[in-house]
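Asker: Questions regarding the structure given below will be posed in turn.
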Amino acid sequence: MKRFLYLCLLLSMACESAFALTLTELQRKLETVQTVESEFVQTKHLQVFQNEIVLKGRMGLRREGADLAWHVTTPIRYSVCFRGSVMTQWDETSQKTTTFDTASNPMLKALLDQMRSWFSGNLSEMQREYDLTLREAPQTGRHVLTCVPKGELANFMKEIEIRFAEGTGYIDSVKLVEASGDWSEIQFRDTRLNQPLSDQIFRHP
Numbered sequence: 043m044k045r046f047l048y049l050c051l052l053l054s055m056a057c058e059s060a061f062a063l064t065l066t067e068l069q070r071k072l073e074t075v076q077t078v079e080s081e082f083v084q085t086k087h088l089q090v091f092q093n094e095i096v097l098k099g100r101m102g103l104r105r106e107g108a109d110l111a112w113h114v115t116t117p118i119r120y121s122v123c124f125r126g127s128v129m130t131q132w133d134e135t136s137q138k139t140t141t142f143d144t145a146s147n148p149m150l151k152a153l154l155d156q157m158r159s160w161f162s163g164n165l166s167e168m169q170r171e172y173d174l175t176l177r178e179a180p181q182t183g184r185h186v187l188t189c190v191p192k193g194e195l196a197n198f199m200k201e202i203e204i205r206f207a208e209g210t211g212y213i214d215s216v217k218l219v220e221a222s223g224d225w226s227e228i229q230f231r232d233t234r235l236n237q238p239l240s241d242q243i244f245r246h247p
C-alpha cells in the first residue's frame, strides 16, 4: 500500500512538472513576439437577444511601450487605442475622441493589463489573477489555455479560453464567458507577427 501511495505521489509530481514546463515553454514562445497585426471577427452572445452580434476589424500590438490598438470597422466604426497608461476612444457617430487615464480607473487598468497579458504571453502576470490550465484539444491537438479568474474578477467573469494556432503557435481565438452567461469570442485571421508597425495603426480615423 505504501509503495502504491509513493508511486501515485511520484506520478503527481511528474504531472505537475510537465504542466509547469509546458506553461514555461508556451510563455517563451509567446515572448518572442514583439509586434502583432491581425484582422478579427468578434461574435457576442447576449442572453437578452436571440441573434448574435458580429463585429469585424483589425488590431495591432507593440510590446515595446505596451501599445494596443483595437479598430472595429463593421457594422459600426469604433476604435480604442492604448499608449502607455493613456486610453483614447473614437466613434463614428459622435466623431469625437475621448481620452482616459487608466491609472485613475482601476477597473479599466485591470482590463487593459489583462488584454496586454493575453496578447504578449505574460503568463506569470496572468497567474496572479487566474488559475491556468493548459491542455490539448482532442480533435485538433492544438493547445488551449483556460483561465479561471480569482478574487473580484470572478464576480463578473466565469472563464477565458485562449486557443493557439497550429504552426505559429500564436493566439488563434479568445473566448470570454461572463458570470451572467453572456459570452464573446474573438477569432483572429491573417495574423502577422514581428513585422514593423506604423504609428498610424495606433491613431484613430
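For the sequence shown, counting from 1, position 15 maps to 57 in this note's numbering; every step adds exactly one. C-beta atoms are modelled at their ideal positions from N, C-alpha and C, and glycine is treated no differently.
Could you check how far apart the C-beta atoms of Met-168 and Leu-174 are, in whole angstroms? I think they sit under 8 Å.
Answerer: With 8 Å as the limit, Met-168 and Leu-174 qualify as a contact, their Cβ atoms being about 6 Å apart.
Asker: Please list the terminal residues of the continuous alpha helix (DSSP H) segment that includes Gln-84.
Answerer: Looking at the DSSP string, Gln-84 is not in any alpha helix (DSSP H); the run it does join, the beta strand (DSSP E), is 77 to 87.
Asker: Let me confirm a value: Val-128 is counted as buried when at least 16 other C-beta atoms fall within 10 Å, else exposed. Which label applies?
Answerer: The residue in question, Val-128, is exposed, as its Cβ has fewer than 16 Cβ neighbours within 10 Å.
Asker: Drop a sphere of 10 angstroms on the beta-carbon of Pro-117, count the other beta-carbons inside from all chains shown, and report buried for 16 or more, exposed for fewer.
Answerer: By the neighbour-count rule (16 or more Cβ atoms within 10 Å), Pro-117 is not buried but exposed.
Asker: Quick check: the Cα distance between Leu-187 and Lys-217, rounded to an integer number of angstroms?
Answerer: Each residue's Cα considered, the two are about 11 Å apart.
Asker: According to the Cβ coordinates, are Arg-245 and Glu-81 closer than 9 Å?
Answerer: The answer is no: Cβ separation not under 9 Å.
Asker: Would you call the stretch 159 to 168 and the stretch 99 to 114 touching, i.e. three or more CB-CB distances under 8 Å?
Answerer: These segments touch.
Asker: What residue does the alpha helix (DSSP H) around Leu-195 start on, and which one ends it?
Answerer: No alpha helix (DSSP H) contains Leu-195, which DSSP labels as neither H nor E.
Asker: Would the stretch 218 to 227 and the stretch 81 to 90 be scored as touching if the rule is three or more Cβ pairs under 8 Å?
Answerer: Yes, the stretch 218 to 227 touches the stretch 81 to 90.
Asker: Would you call the CB atoms of Ile-228 and Ser-215 closer than 9 Å?
Answerer: Their beta carbons are under 9 Å apart, which means Ile-228 touches Ser-215 by this criterion.
Asker: List the endpoints of the continuous beta strand (DSSP E) containing Thr-116.
Answerer: From DSSP, the beta strand (DSSP E) with Thr-116 extends over 109 to 116.
Asker: Tell me the rounded alpha-carbon separation between Ser-136 and Tyr-172.
Answerer: Cα-Cα distance, rounded: 37 Å.
Asker: Please state if the CB of Arg-100 and the CB of Glu-79 are separated by a distance shorter than 9 Å.
Answerer: Yes.
Asker: Who does Leu-97 pair with in a DSSP beta bridge?
Answerer: Gln-84.
Asker: Could you give the C-beta distance for Thr-139 and Leu-154, rounded to a whole number, given that I count them as a contact under 8 Å?
Answerer: Actually they are not in contact, since the Cβ atoms of Thr-139 and Leu-154 sit about 17 Å apart, beyond 8 Å.
Asker: What are the boundary residues of the alpha helix (DSSP H) that includes Arg-231?
Answerer: Note, Arg-231: premise wrong, no alpha helix (DSSP H); beta strand (DSSP E) at 225 to 235.
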